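Residue 128 in the working numbering is what sits at position 127 of the sequence shown, and the numbering runs on without skipping anything.
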Amino acid sequence: MLALWEAEPRSVKDLSHTVQAEPRRCPRCSSASKRFGYLTRSRNAGDERSVTVGLTPAGRELRAEAEKIPQQIVDRLGLPLSTLESLNTALREVMAAAQHAKRRPPRGEHRLLRAPERRPGRRRLASLAR
């Protein structure tokens with residue numbers, strides 16, 4: 002919902018990239034929100050394979066209620082705001098490092114973390130024996 006409040010309508014692909022989720026997970030989430038009457042889903046006229054997600058008036062009105070949540074969380078936790086802000090910064094750095102690690106080729110990885118080597122099939126063994 003936050004991503005749609007920033008900009009809408011959005012394609013499912015764009016939405017999944019923004020929220021750092023796999024595109025196949027977004028339809029499930031958007032289906033639940035659609036059932037509650039917060040979202041609309043439609044096929045893109047230019048590309049039938051692309052699904053566009055937008056907000057309904059009820060979805061836009063929900064934003065006012067959602068904006069109260071961060072302060073309620075801070076009040077319930079009872080931690081100083083500076084502590085929560087530094088935790089937020091640290092978590093964002095971890096997420097950025099994880100995204101960077103996904104794109105970088107592994108180097109010096111532990112042998113237990115490597116994918117198992119495939120054994121040659123019978124045909125491959127037969128061709129090696131020749």
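A virtual CB, placed ideally from N, CA and C, is assigned to each residue, including glycine. Note that the structure is a prediction, hence the values are computed from the model and not measured.
Verify whether the separation of the beta carbon atoms of GLY79 and ALA59 is less than 8 Å. no
Report yes or no: do three or more beta-carbon pairs, one from the region 86 to 100 and one from the region 42 to 50, lie closer than 8 Å? no
Are VAL13 and VAL75 closer than 8 Å when you measure CB to CB? no
Residue interval of the alpha helix (DSSP H) (run including ILE43): Reading the sequence as shown, one finds Ser at residue 43 and not Ile. Run containing SER43: none in the alpha helix (DSSP H); it sits in the beta strand (DSSP E), 40 to 44.
Look at SER17 and GLU23 and say whether their C-beta atoms are less than 8 Å apart. yes
Classify ARG36 as helix, strand or coil using the three-state DSSP reduction. helix
Let me check understanding here. Comparing Cα to Cα, which of ASN45, ARG64 and LYS35 lies closest to ALA4? ARG64
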